[in-house]
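Numbering-wise (the UniProt record's numbering), the sequence shown opens with residue 1 and increments by one.
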Amino acid sequence: MNAIKYSKTIQVQPEHIDTLNHVNNLTYMKWVMEIAEEHWKEIAYKEIIDQYAWVVLEHHMYYKSPAFLGDELEISTWIKSHGKFKSLRAVEMKRISDQKVVAYSETNWCFIDQEKQKPASIFSEVVTPFFED
């Protein structure tokens, strides 16, 4: 099975820039969190979204090249792997003009039952919509 990628385009705005005149590291992390949530809400079944959530266990961020004001970035995410309670999600941020990867992250997420506030087993209906044959 192949992971289904979810992508969007962002143009770097003045509020994304730090004192070194490139995108602030925290902005990249914000984009990682935003696209993960968008992907989940776009593809997962509403009944599952209403009952379950994901919490971050750990982030690994790799800054490859700076992005600057006005750059258009394609941000893509996909599920790399999943286990009983955890899922590993990748996010790649690429400058459209030269196709250079500016940042890449991998985040371990834990599947949580919202009512019980405890980890829940990841069942097939949670992951199958994110993969294709």
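Note that the Cβ used here is the ideal one computed from N, Cα and C, for glycine as well.
For E115, the closest C-alpha among the options M29, A3, F123 and W54 is that of W54. In the DSSP assignment, F131 is bridged to A3. According to the DSSP assignment, K41 belongs to the alpha helix (DSSP H) that extends over N25 to I43. By the Cβ neighbour-count rule, L69 is exposed, with fewer than 16 other Cβ atoms within 10 Å of its own.
Put simply, the backbone Cα of I96 is about 11 angstroms away from that of A67. Assignment of H22 by DSSP, reduced to helix, strand and coil, places it in the coil class.
Distance from F131 to I4 at the Cβ level is roughly 6 angstroms; contact confirmed, criterion being Cβ atoms closer than 8 angstroms.
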